[in-house]
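> Quick one: the structure is below, questions incoming.
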Amino acid sequence: MPFRLRVDGLGASRGEDPIFRDISLILDAGGALLVTGRNGTGKSTFLRTLAGLHPADSGTIVIEDGGDATAPPRESLHYLGHRNAMKRDLTVEENLLFWSRLTKTAGDTVGRIDATDGTVEALESVGLGGLGHLPFGYLSAGQQRRAALARLLVAHRPVWLMDEPTAALDTASERMVEALIAGHRSIGGIVIAATHQALDLPGAQTLTMAGFAVTA
Amino acid sequence: MMALYFRDLKLATRAGGGALTGILFFMAVVAVVPFGLGPDLKLLARVGPAMLWIGALLASLLGLERLFQAEREDGSLDVMLMQDTPLVFTVFIKCLAHWTASGLPLVLVTPLLGLFLNMEPRAIGATMLTLLAGTPAITLIGAMGAAVAVALPRGGLLVSILVLPLVVPVLIFGVSAAYAAVEDPAPFLPPFLILTAITLFFAVIGPTAAAVALRAASE
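Chains as they are written, first to last, in the numbering used here: chain S, 1 to 216; chain U, 1001 to 1219.
Spelled out as structure tokens, the structure:
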């Protein structure tokens, strides 16, 4: 059975206010979805709902991979939020090594398992090769963002949820993010990204959030 | 999961980690007691175990509110919530690391502080033993308060107040066991066993309640 992410009639609210409702979509292996919309229209809430970090009012999120249907979808996801999930006092390498050990699942064939758990390669892919020994807090905002992206590379998860992945990044790094996304899709991964910047994702579906009225 | 344990230990011992804060506070509290009470050696020896326990209790409450708040602020908590490892287990490991970094050192400096208070070796030993059995309970109970107040900025005082009524039994049985070891008619074992039971009880209840609170707070 091919890998597929199916969302049916998803709706969520913050407090009393509905943010979005009835979002349905299907993403096949290698697919991508670009979530756009103005500030405050619910892009982040949509991603957090998909990640299981925000309760859904209605609808279902199913990952069909022919395997264990009882595992919650959040376990197949990488979520890159606004915040980088890195400790300022630890070095970049220590941060990555920790996330690699914590998030790597048994039977992970893509994430490398060696002495450095693929952290060296991951840092090179995001253009931070040789900076792994620096405390995370020493890096510039853009470098911190790139280090956070490297977290997605050290352990394999089929679906990436990226909230403003290119925030604080320069143009060259935006191309790098596009390349990372393309690489992930080429091995059958799915990427859902919410962004204001023009990210070039060939063949991506788009979802425009428009406050309460949603057009998919 | 060992990765989480060692990472939290590393964070606690690096600059700004706060492992030392508790010990310094503990030493400060206990060191001023002899000045406050005056040079009555008998009185000092008699209040010694209680003072050590109160000092250790307050010192353990100090850094607790950062237990989950720091993780939430930098987004790490979101990632931890999404893992297949049960959240209860993650919380338990974090408590264990927190206790190793800030509870265990309190136990280890107790003999030195016991000398300040003119305590006899037997009383110092008993106090150390009861602190060793009792301080994990304080951390585990505190985890519940820390999880409830995770979204509140400067929730430190709130955590202490939430947690204080629940740690009172730990204090009561800890101190009574420590006294029983030096005062003859009172038996040592019953209060000590109850203290151990409280710790074991909260080893289950604490992480479970904290995990529920963290899920609810993640909104």
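Just so it is clear, CB atoms sit at the ideal spot from N, CA and C, and this is done for glycine as well. None of these values were measured; they are calculated from a predicted model.
Taking 8 angstroms as the CB-CB limit, is D65(S) close to chain B?
The chain labelled as chain B is not found among the protein chains of the depicted structure, namely S and U.
> Kindly list the residues whose CB is nearer than 8 angstroms to the CB of V1150(U), restricted to its own chain and excluding five residues on each side of it in sequence; keep chain order.
Hits under 8 angstroms: F1068, Q1069, R1072, L1077, A1213, L1214, A1217.
> Using DSSP with H/G/I as helix, E/B as strand and the rest coil, what is S44(S)?
Reduced to three states, the DSSP call for S44(S) is helix.
> For V214(S), which of helix, strand or coil comes out of DSSP?
Any answer about V214(S) is weak, because its pLDDT of 47 lies below 50 and its placement is not dependable; what the coordinates show is given next. Three-state result, V214(S): coil.
> Got a sec: which bits of the stretch 1077-1111 of chain U sit with their beta carbon under 7 angstroms from any beta carbon on chain S, in order along the chain?
So the list reads D1078, V1079, L1081, M1082, Q1083, D1084, given in the order they occur along the chain.
> Skipping 5 residues on each side, what residues in its chain have a beta carbon closer than 6 angstroms to that of V1088(U)?
So the qualifying residues of the chain are P1207, T1208, A1211.
> Quick one: what's got a C-beta closer than 7 angstroms to T215(S)'s C-beta in the same chain, skipping five residues either side?
For T215(S), the predicted structure reports a pLDDT of 47, less than 50, and the residue's modelled location is therefore unreliable. A value from the coordinates is still provided. Here the set comprises T208.
> Please check if any C-beta of chain S sits within less than 8 angstroms of the C-beta of A1003(U).
Yes, contact with chain S.
> Who does A12(S) pair with in a DSSP beta bridge?
Per DSSP, F20(S).
> Please check if any C-beta of chain S sits within less than 8 angstroms of the C-beta of R1014(U).
With 8 angstroms as the cut-off, R1014(U) counts as an interface residue toward chain S.
> Buried or exposed: where does M86(S) fall if 16 or more other Cβ atoms within 10 Å of its Cβ makes it buried?
M86(S) is buried by the Cβ-count criterion.
> Could you pull the start and end residues of the alpha helix (DSSP H) that S186(S) belongs to?
Element bounds for S186(S): 171-186.
> Give me the residue from A1203(U), A1003(U), N1118(U) with the minimum Cα distance to G1038(U).
The shortest C-alpha separation from G1038(U) is found at N1118(U).
> Return the residue from the list A1056(U), I1194(U), M1002(U) that minimises the CA-CA distance to P1111(U).
The shortest C-alpha separation from P1111(U) is found at A1056(U).
> How big is the Cα-Cα spacing for T1021(U) and A1101(U)?
Taking the straight line joining both Cα atoms gives about 11 angstroms.
> Which residues in the same chain have their Cβ closer than 6 angstroms to the Cβ of L1092(U), if we skip the five residues on either side of it in sequence?
Note that residue 1092(U) is Phe in the sequence shown, not Leu. Cβ neighbours of F1092(U) beyond the five flanking positions: P1207.
> Are A167(S) and R151(S) closer than 8 angstroms when you measure CB to CB?
Taking 8 angstroms as the Cβ cut-off, A167(S) and R151(S) do not qualify as a contacting pair.
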